[in-house]
Amino acid sequence: MRELVTGARRIVVKVGSSSLTTTAGGIDEQRVGTLVDTLGRLAGEGREVVLVSSGAIAAGLAPLRLPRRPRDLATQQAAAAVGQGLLMGRYTAGFARHGLTVAQVLLTVDDVTRRVHYRNAYQTLRKLLDLGALPIVNENDTVATQEIRFGDNDRLAALVAALVDADLLVLLSDVDALYTGSPSDPASRRIPLVRDDSDLAGVTIGTAGKSGVGTGGMVTKVEAARIATGFGIPVVLTAAPLAAPALAGDEVGTLFEAAASRPAARLFWLAHATAPRGRLHLDQGAVAAVVARRMSLLPAGITAVDGSFAAGDPVDLVDAGSGTPVARGLVNYDAVELPALLGRSTPELAAELGPGYEREVVHRDDLVLL
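Shown next, in the form of structure tokens:
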């Protein structure tokens with residue numbers, strides 16, 4: 016573990032709400048200070064650090080006199096609007112002690128799935144790192160809707176690690192490692208290394224803890240580790256108080272080994288960061304063309320359309336025979352346009368409706384197999 020961690024030059028670190036705030040919802044100054052000092056030293060060694068930080072909603076609870084994390088989206092967004100500024104203020108002051116400038120980067124799903132937005136997100140993060148700034152990333156909770164959310168910051172961290180081509184992802188929590196069962200159970204044992212899913216057979220993975228300020232739990236962290244390792248990025252999972260020894264390469268926490276190869280980054284985001292806004296049902300010829308021959312999807316191979324979506328939205332491509340999604344892609348037509356095009360060739364459509372209808376329904380460059 017030591018060689019893998021100490022050799023990482025670009026590191027994404029994710030910290031959860033329960034590791035930054037009190038159960039009442041206020042920011043815990045000591046916890047934030049300890050984390051900042053650890054990451055500040057890391058950056059001082061010349062390594063690039065991206066921090067994915069939860070805590071905006073939790074930090075906004077006390078100022079708004081909210082007794083617990085709200086369930087409705089509007090109140091969550093109000094708390095985030097208050098808390099994000101408070102959290103960034105603490106980070107700005109803390110990292111300044113280390114001579115570091117921080118940058119707030121708030122992302123939505125659209126920022127990393129649509130081609131132009133994805134490129135802009137990458138270029139912004141890359142430029143910030145080149146300029147010596149430390150990006151602090153969070154989901155843009157004040158504008159995200161239920162339909163276009165990452166879901167949790169563990170998954171966001173894994174996707175940001177892929178976006179910046181990180182060498183290592185560190186997930187910090189209130190649990191020091193992955194265990195075979197509940198960490199409070201004396202019979203549970205720490206799992207020091209996960210090579211693949213077979214090492215998780217028989218493991219009981221818990222949900223969000225009792226603090227009431229977070230949304231994740233070990234389930235989301237293991238899924239984030241799967242996403243990151245699938246992109247070829249190793250993952251260390253441990254508790255926030257153990258961040259310093261973990262980043263020094265000590266044998267703490269759980270190490271998830273990386274896959275041997277990396278897929279194309281933007282399509283990786285498409286597969287893992289998006290929720291489909293509709294479904295296109297494909298005949299067997301179209302399934303073979305898309306899956307086996309990696310071709311674009313044309314109107315002739317579509318038998319039915321479900322959902323309400325606009326051009327540029329993600330949709331699932333479904334085998335009409337089995338009902339199983341086989342791919343996901345960014346569609347080039349609105350849902351209302353497609354029914355009149357189904358089963359027809361592109362030359363026929365172009366001749367009748369104009370050259371604009373000769374385009375693919377989903378281009379192969381905007382398509383990923385599931």
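In my numbering, the protein residues as written are 16 to 385. Glycine included, every Cβ here is placed at the ideal spot set by N, Cα and C.
Taking 6 Å as the limit between beta carbons, can you name the residues of its chain near residue i, skipping five residues before and five after?
i: T116; result: A148
i: A23; result: D182 and L183
i: R210; result: E272
i: L140; result: P150 and V179
i: R17; result: G264
Using the Cα positions of residue i and residue j, report the straight-line distance between them to the nearest angstrom.
i: A177; j: E367; result: 44 Å
i: P198; j: A254; result: 12 Å
i: R105; j: V47; result: 8 Å
i: L187; j: V65; result: 13 Å
i: R379; j: M310; result: 6 Å
i: G264; j: L79; result: 40 Å
i: S33; j: D189; result: 7 Å
i: A172; j: V251; result: 12 Å
i: R205; j: I220; result: 12 Å
i: Y348; j: G293; result: 12 Å
i: S323; j: R170; result: 26 Å
i: D214; j: G196; result: 13 Å
i: K142; j: L193; result: 35 Å
i: G371; j: L88; result: 40 Å
i: P207; j: A243; result: 18 Å
i: A286; j: A342; result: 8 Å
i: L384; j: V306; result: 7 Å
i: G369; j: R277; result: 40 Å
i: A301; j: V30; result: 44 Å
i: V377; j: L57; result: 43 Å
i: R308; j: G338; result: 20 Å
i: A240; j: E352; result: 39 Å
i: A118; j: G41; result: 22 Å
i: T230; j: P201; result: Reliability of the predicted coordinates at T230 is poor, the pLDDT of 43 falling under 50, and the value obtained from them is presented with this limitation in mind. Between T230 and P201, the C-alpha separation is close to 26 Å.
i: L270; j: T107; result: 30 Å
Name the one or two DSSP bridge partners that residue i has.
i: Q119; result: I151
i: S188; result: A254
i: Y137; result: Its beta-bridge partners do not exist; DSSP assigns none.
i: K29; result: V67 and L186
i: D331; result: R294 and R343
i: T36; result: I42
i: L312; result: V377
i: A319; result: H296
As a quick exercise: from the options, pick the residue whose alpha carbon is nearest that of residue i.
i: A275; options: S33, G247, V175 and A261; result: G247
i: V175; options: G109, S68 and A342; result: S68
i: D191; options: L257, E238 and Y133; result: L257
i: M103; options: L208, P354, R25 and E44; result: E44
i: V234; options: V218, L122 and V306; result: V218
i: A304; options: E375, A288 and R277; result: E375
i: E2; options: A58, D167 and A355; result: This structure cannot speak to residue 2, because the chain is shown only from 16 to 385.
i: E154; options: L353, A307, Q299 and A288; result: A288
i: G100; options: G196, V152 and L19; result: V152
i: H113; options: A93, G98, L50 and G59; result: G59
i: L35; options: V20, V51, S337 and R25; result: V51
i: Y133; options: G358, G327 and P340; result: G327
i: G98; options: G61, G109, A77 and A108; result: A77
i: G109; options: V131, L81, R62 and T49; result: T49
i: D145; options: L81, L121, T107 and R25; result: R25
i: A290; options: P340, R241 and E18; result: P340
i: K236; options: V185, P201, S203 and A216; result: V185
i: G245; options: G338, L295 and D212; result: D212
i: L19; options: G41, T269, P249 and R308; result: P249
i: R62; options: T21, V120, P354 and R241; result: T21
i: V120; options: N135, A216 and P354; result: N135
Looking only at its own chain, which residues have a Cβ that is under 7 Å from the Cβ of residue i, when we skip the five neighbours before and after it?
i: D381; result: G344 and L345
i: L54; result: V28, V64 and L66
i: I163; result: Residue placement at I163 is flagged as unreliable, the pLDDT there being 45, under the threshold of 50; the coordinate-derived value follows with that caveat. T123, V124 and D125.
i: A350; result: G293, V320, G322, S323 and F324
i: Y137; result: L178
Relative to the ligand SAM, is the shortest distance from any of its heavy atoms to the C-beta of residue i smaller than 7 Å?
i: E266; result: With respect to small molecules bound, the structure shown includes none, and the ligand SAM cannot be examined in it.
Less than 8 Å between C-beta atoms, sequence neighbours within five positions excluded: which residues of the same chain meet that for residue i?
i: V267; result: D191, A192, T253, L257, P260 and A261
i: T318; result: H296, L297, D298, A335, L357 and G358
Next on the checklist: Does the structure place the segment 278-287 close enough to the segment 305-315 that three or more beta carbon pairs sit under 8 Å?
Outcome noted: No, the segment 305-315 is not in contact with the segment 278-287.
Checklist entry - Is there contact here, the segment 351-364 with the segment 328-338, by at least three beta-carbon pairs under 8 Å? => result Result no; under three Cβ-Cβ pairs closer than 8 Å.
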